[in-house]
Amino acid sequence: MNGIPDLGPLPRRVTVDADQVRRLVGEQFPRWAGLPVRPVSESGWDNFTFHLGDTMVARLPSAAEYALAVEKEQRWLPALAPRLPVPVPVPLAKGSPGAGYPFPWSIYAWLDGTPAREDRIADSVRFSLDLAGFLAALRSLDVDGGPQPGKHNWFRGATLRTYDAQARRALAALDGHLDVGPAREIWETALDAHWDGVDTWFHGDLAPGNLLLDRGELAAVIDFGTCGVGDPSCDLAIAWTLLTADGRRVFRERLSIDEAAWARGRGWALWKTLVTCARTAERADGDARRVLGGILTEYASGK
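Next comes the structure, spelled out in structure tokens:
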């Protein structure tokens, strides 16, 4: 055994429609039967989400692997939420399989906000400080009994080497489409960057779509399906995928990130960006190429 987790095969996703959700709610939560059900316009990959009336949302995992996070979210989000500086989802009820749907699922209160995007952020420096403040609060929480990395969160919080094979396949696919030498150097630097082994709470998927804005300011953080305790450097990827150069600087300063953790965070950002770029190598994904360019530029300037 080499100690590197095995991601296993790709999840086999199911389909869910609004009629199934209506039946599930009617059968299991009669007090909410009859409320209108409609898909959320910007739903994610791991979960199908549906508006339930005007103030709630039903969240249904799309595969057995993603359903592993349901119990974790039900257990931990009510404990974490009061200690965080911005709203996060808090479950109102836990559903069971039924109506042809095979997994546990949840009902949450709806959190208002617009998914973050660079051009929607009112003040990049203030936003970066607010986001860093959220992470500082999350990292300060007691980790006793917290969920260790595992299949429930695709080993976020564990070694970045879990994704080494994916990253190297992406580099091979991109060879000839861009200069992969610097990207390979960044990746190998990230793999070699030491973690001190002190467990800390992390979100695990701090992507733009999981950060909600109100009038351009951070209003909520959603989707804790990949949260856990371990190495929190995975949360630093947002510094390259969303923040400006000035925002990235104050974000790092606010969190007092050392060189090794910064290198690992850069590695997390690079892994996901390389995979996206490789998937669209023939028809360049403009956003992914922009992020990749930012990673390369920031690394070169640091050298």
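If you use this note's numbering, the sequence shown corresponds to residues 1 to 303, in order. We put the beta carbon where it would ideally sit given N, CA and C, even for glycine.
Rounded to whole angstroms, what is the Cα-Cα separation between G100 and V21?
10 Å
Along the chain, where does the beta strand (DSSP E) containing P39 start, and where does it finish?
V37 to P39
Cα separation between V57 and V14?
19 Å
Taking contact to mean 3 or more Cβ pairs, one atom from each stretch, closer than 8 Å, check whether the stretch 203-219 and the stretch 89-99 are in contact.
Flag = no, the stretch 203-219 and the stretch 89-99 do not touch.
Using the rule of at least 16 other Cβ atoms within 10 Å of the residue's Cβ for burial, across every protein chain shown, is V88 buried or exposed?
V88 comes out buried.
Decide if the stretch 179-191 is in contact with the stretch 291-302; the criterion is three or more beta carbon pairs, one per stretch, under 8 Å apart.
Because the criterion of three Cβ pairs below 8 Å is met, the stretch 179-191 and the stretch 291-302 touch.
Does DSSP put G145 in a helix, in a strand, or in coil?
coil
Going by the CB atoms, is the gap between L292 and T280 shorter than 8 Å?
no
Do H203 and L129 have their beta-carbon atoms positioned less than 8 Å apart in this structure?
no
CB A158 to CB R264, shorter than 8 Å?
no
Compare the beta carbon distance of Y108 and L84 with 8 Å and say whether it is the shorter of the two.
no
Would you mind sorting E27 into buried or exposed? The rule is 16 or more other CB atoms within 10 Å of its CB.
It is exposed - the Cβ of E27 has fewer than 16 other Cβ atoms within 10 Å.
If we ignore side chains and look at the alpha-carbon of each, how far apart do K151 and G225 end up?
11 Å
Using DSSP with H/G/I as helix, E/B as strand and the rest coil, what is M1?
Residue placement at M1 is poorly supported in this model, since its pLDDT is 42, which falls under 50; the coordinates are not used for a value here.
Locate the alpha helix (DSSP H) running through F134, then write down its first and last residues.
S124 to R139
Could you check whether R59 and S124 sit closer than 8 Å to each other, using their CB atoms as the reference points?
no
Between Q74 and the rest of its own chain, which residues show a CB-CB distance below 7 Å, the 5 nearest in sequence each way excluded?
Closer than 7 Å at the Cβ level, and outside the excluded window around Q74, lie P91, K94 and S106.
Out of I222, A172, A190 and L218, which has the shortest C-alpha to C-alpha gap to V275?
A172
Less than 7 Å between C-beta atoms, sequence neighbours within five positions excluded: which residues of the same chain meet that for A81?
Cβ within range, chain order: V88 and V90.
By a C-beta neighbour count over all protein chains shown, 10 Å radius and 16 as the cutoff for buried, is G267 buried or exposed?
buried
Decide if G145 is buried, meaning its Cβ has at least 16 other Cβ atoms within 10 Å, or exposed.
exposed
Look at the alpha carbon of D304 and the alpha carbon of D246, and state the distance between them as a whole number of angstroms.
Outside the shown range of the chain, which is 1 to 303, sits residue 304, and nothing can be said about it.
What's the C-alpha gap between V221 and L77?
12 Å
Alpha helix (DSSP H) containing I186: first to last residue?
G181 to D192
Please return the same chain residues whose Cβ sits closer than 6 Å to the Cβ of E71, not counting the five positions on each side in sequence.
No residues qualify anywhere along the chain.
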